[in-house]
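To keep things clear, I will list the structure first and then write my remarks on it.
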Amino acid sequence: MKNVIKLNHYFCPSELEKAIDGWMKYYNERRFHESLDNLTPKDVYLGQGERIKKIREIIKQNSINKRISDNKTMKYQSK
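The C-terminal position of the sequence shown is numbered 79 in the UniProt record's numbering, with every residue numbered one higher than the one before it.
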């Protein structure tokens with residue numbers, strides 16, 4: 001936070017409060033935290049963590065299956 005907020009000069013307390021609020025919103029709602037299994041604190045708080053992890057696992061399996069299929073196709077085309 002200090003590397004983001006302290007880089008600018010705020011001449012009015014309300015400007016500083018607005019900058020801190022924006023940073024807190026980013027940190028809690030948009031930034032993924034490795035200690036939370038790459039979820040946002042908002043997702044964990046709202047209980048959406050397991051649903052998001054299941055969706056990610058499905059996407060991962062689909063990507064792996066597509067890669068395997070593409071590699072098999074390339075193998076047969078090269079012969």
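Using N, Cα and C, we set each Cβ at its ideal position, and we do this for glycine too.
The structure presented is a predicted model; accordingly, all values stated were derived computationally and were not measured.
Which of the three DSSP states is assigned to L7 in this structure? coil
Rounded to the nearest angstrom, what separates L36 and V44 at their Cα positions? 8 Å
Exposed or buried, which one is L46 when buried takes at least 16 other CB atoms within 10 Å? exposed
Locate the alpha helix (DSSP H) running through S21, then write down its first and last residues. Here the sequence assigns Asp to residue 21, which means Ser is not the residue at that position. Looking at the DSSP string, the run of the alpha helix (DSSP H) that includes D21 is P13 to K25.
Would you report the Cα separation of S63 and R31, rounded to the nearest angstrom? 24 Å
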